[in-house]
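In our numbering, the protein residues as written are 26 to 188.
C-beta atoms are modelled at their ideal positions from N, C-alpha and C, and glycine is treated no differently.
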Amino acid sequence: MIVLGFAVVLYLVAAVMVIMAARRDRASVGVGFREAWDQLLAVLPALTVGILGAGFVAALMPPELAETYLGEGSGAAGYAIAYVIGALTPGGPVVGFALGAAAIKAGASVPIVVVYVTAWALVSLNRLLIWELATVPKKVIVERLIVSAPIPILTGLVMELLV
């Protein structure tokens, strides 16, 4: 229900933006829709592959594997595995969140999946190698990693208190 509510809010924001564009300059509405269409076509292949991949990961991941290494009783080892896999997972949100959802369906615990998703978002080796090393000063990268490194574990521990 929360997802539906959030989707409604996003559609309303988009509708307001269309109205604002039309009031400013009617031609900008067409430009906006063309830009949106171009972006959709650009991300659709990756989106499709990410969703299909996550679906097959969920279908192929043996539940006993997920339960043993990422389930309720996996403890610190589960946290470590989720952290490393999260840091190594390439791709955008479609991949990271879809794999997290697939892991939950296969038997992983919510706190451990939160560790995975948070590590993927904050400690991504893929982003570090492809983007940060080429564009960000090394001192900033090191400082960001020092600050970010404990956060995935902390979010998992907080989730344990909440679920």
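In terms of residues, what are the limits of the alpha helix (DSSP H) holding residue i?
i, result
"Leu147", "Val135 to Leu147"
"Ser173", "Lys163 to Ser173"
"Trp62", "Arg51 to Leu85"
"Pro118", "Pro118 to Ala131"
"Leu179", "Ile176 to Leu187"
"Leu90", "Pro88 to Leu95"
"Gly111", "Gly100 to Leu113"
Determine the direct distance from the alpha carbon of residue j to that of residue i, and round the result to whole angstroms.
i, j, result
"Ala146", "Val172", "13 Å"
"Ile137", "Ala174", "15 Å"
"Gly103", "Asn151", "22 Å"
"Ala144", "Gly111", "5 Å"
"Tyr36", "Ala61", "14 Å"
"Leu154", "Arg48", "44 Å"
"Leu158", "Arg51", "43 Å"
"Tyr108", "Ser53", "44 Å"
"Glu92", "Val188", "17 Å"
"Ile178", "Leu95", "14 Å"
"Ser99", "Ala105", "10 Å"
"Thr160", "Ile166", "10 Å"
If distances are taken between C-alpha atoms only, which option among the options comes closest to residue i?
i, options, result
"Ser149", "Ile176, Arg59 and Trp62", "Ile176"
"Leu72", "Phe122, Thr180, Val139 and Leu154", "Phe122"
"Thr180", "Val135, Pro162, Met45 and Gly55", "Val135"
Legend entry - Three CB pairs or more closer than 8 Å across the stretch 130-145 and the stretch 84-101: In this structure the stretch 130-145 touches the stretch 84-101; the number of beta carbon pairs closer than 8 Å is three or more.
Legend entry - At least 3 beta-carbon pairs within less than 8 Å: the stretch 67-85 vs the stretch 107-124: Yes, since at least three Cβ pairs between the stretch 67-85 and the stretch 107-124 fall closer than 8 Å, the two stretches touch.
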